[in-house]
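In what follows, a structure is listed as structure tokens, so that the remarks can point back to it.
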Amino acid sequence: MSLDANAMKKLVAEEAVNRYVKDGMKVGLGTGSTAKFMIERIGELVRQGYDLTCTATSVQSEELAKSLGIKVVDLDEIDHLDITIDGADEVDPGMQLIKGLGGALLREKIVAAATVKEIIITDESKLVEKLGTKAPLPVEVLQFGHEHTKYALERQGCKAELRMRDGKPFITDTGNYIYDCRFESIEKPFFLESRIDIIPGVVENGLFLNTAYDVLIARPDGSVESMAEKLASKEA
Ligand code: 5RP
């Protein structure tokens with residue numbers, strides 16, 4: 101068996117829901133093409149009678165969830181989330197992540213911070229030895245003075261490109277721009293994050309460090325691996 105990219109996304113999304121979502125939970129809904137399959141599986145559970153209260157990391161995920169009959173509330177209507185299931189753009193061997201190619205990194209980070217267990221669903225194409233080697237690092241910035249923010253970002257050693265859509269700057273759900281920052285590789289992600297976060301105009305960066313409780317990885321042979329289990333068995 102050799103699964104294609106879409107089949108791997110569906111496999112890992114369904115495995116994450118089956119493994120981690122229990123009746124009565126408060127669930128954060130991620131964003132992207134892998135998360136879409138997860139929302140569809142949650143919709144099936146709701147139709148089977150599960151009582152789930154969900155909050156969404158983007159307008160797109162919220163609309164999909166509501167269309168499937170899932171109860172979606174504002175994050176501030178609940179005090180915490182038991183679990184959030186979301187995708188990622190890069191995953192390093194220590195479960196550190198880059199997210200935000202789908203443009204939802206700000207809400208994704210706020211929701212992750214309110215979550216007890218953040219579960220990441222990916223396939224092996226997202227695995228890297230060092231962050232920044234395949235994907236750019238998305239950074240959400242205020243529109244005001246964004247060229248100045250860009251220069252400050254580039255002083256951290258990257259080439260920063262304003263994300264465009266249909267010939268115009270891409271605007272996030274929260275009304276900001278995104279710069280995609282290409283590094284050769286990110287050698288010290290925690291240090292870089294601290295440098296980026298103090299730049300005036302930066303709203304949020306796409307480094308999700310020490311955020312993942314588990315990363316599930318789909319393989320073309322139809323298997324799904326848990327990075328948390330693999331790391332725990334190495335330590336034992
Ligand atoms: C959106 C994200 C997505 O989770 C990430 O881009 C992965 O998306 P996909 O599953 O479509 O590859 O961070 O902001």
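With my numbering applied, the sequence shown covers 101 to 336.
We put the beta carbon where it would ideally sit given N, CA and C, even for glycine.
Distance from the CA atom of A213 to the CA atom of T311, rounded to whole angstroms, is 8 Å.
Taken in chain order, the whole alpha helix (DSSP H) runs of length 4 or more contained in the region 202-251 are 205-213. By the criterion of at least three beta-carbon pairs nearer than 8 Å, the region 209-227 is not in contact with the region 264-281. Per DSSP, the unbroken beta strand (DSSP E) holding R282 starts and ends at Y277 to R282.
For N305, the uninterrupted beta strand (DSSP E) run begins and ends at V302 to N305, by DSSP. Around the C-beta of I298, fewer than 16 other C-beta atoms lie within 10 Å, and the residue is accordingly described as exposed. In its chain, beyond the 5 residues on either side, K126, V127, G128, L129, I142, A165, I170, K171, V172 and V173 have a beta carbon closer than 8 Å to the beta carbon of C154. When secondary structure is reduced to three states using DSSP, V324 falls in the strand class.
Straight across, the Cα-Cα distance linking E284 with L253 is about 14 Å. Short of 7 Å from the beta carbon of E115, and not among the five residues preceding or following it, lie these beta carbons of its own chain, in chain order: L316 and V324. L205 has its Cβ nearer than 7 Å to a heavy atom of the ligand 5RP. Under DSSP, K171 shares a beta bridge with T153. In the three-state DSSP reduction, F270 falls in the coil class, being neither helix nor strand.
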